[in-house]
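Take 1 as the starting number for the sequence shown in this note's numbering and just add one per residue. Backbone N, C-alpha and C define an ideal beta-carbon position, used for all residues, glycine too. The structure appears right after this line, and notes come after that.
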Amino acid sequence: MKVAGLHAVVLKPASYTRLSALLFAEIFAEAGLPPGVVNIVTGDREALTKTLVQHEDVDAVWYFGSAEGSTHVEDESTANMKRTWVGYGLPRDWMDREQGEGHEFLHEATQVKNIWAPTGE
């Protein structure tokens, strides 16, 4: 998804952080970020993941949920050559060089036009 020549992000917060994420969106708006650049959706993670993994305008999916969900993301993403990052339900240490440090993931993510990033449960 591209908004007025800018990259866009769709974020699905955990159910227990929905209000915090929506407040975060208000901060983006107050800061002058154009509407549609950061999109926050709430609802069932697996249903939303299925929809967005199959969506032609989403270029990448960042999914750190269950092993089953991770496999689904990779399998469904092959149909439209979507870039994926998955966690297979394993805990992640973002500062561990063997697992790929957090800044490396962020660098890779910024090379994509838009990304689906579900967080939490």
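When the Cα atoms are used, valine 86 and valine 10 turn out to be separated by approximately 16 angstroms.
The count of Cβ pairs closer than 8 angstroms, one atom from the segment 38-57 and one from the segment 73-90, reaches three, so the stretches are in contact. Assignment of lysine 82 by DSSP, reduced to helix, strand and coil, places it in the coil class.
Glycine 69 counts as buried, since no fewer than 16 other beta carbons sit within 10 angstroms of its beta carbon. Within the segment 8-52, the runs of alpha helix (DSSP H) at least 4 residues long that lie entirely inside it are, in chain order, 18-30.
With a contact defined as Cβ atoms closer than 8 angstroms, alanine 67 and arginine 83 miss out at about 20 angstroms. DSSP places valine 73 in the helix class (H, G or I) of the three-state scheme.
At the C-beta level, alanine 21 and proline 13 come within 8 angstroms of one another.
Rounded to whole angstroms, the gap between the alpha carbons of glycine 89 and glutamate 46 is 14 angstroms.
Annotated as proximal: threonine 49 and tyrosine 63, with beta-carbon spacing under 8 angstroms.
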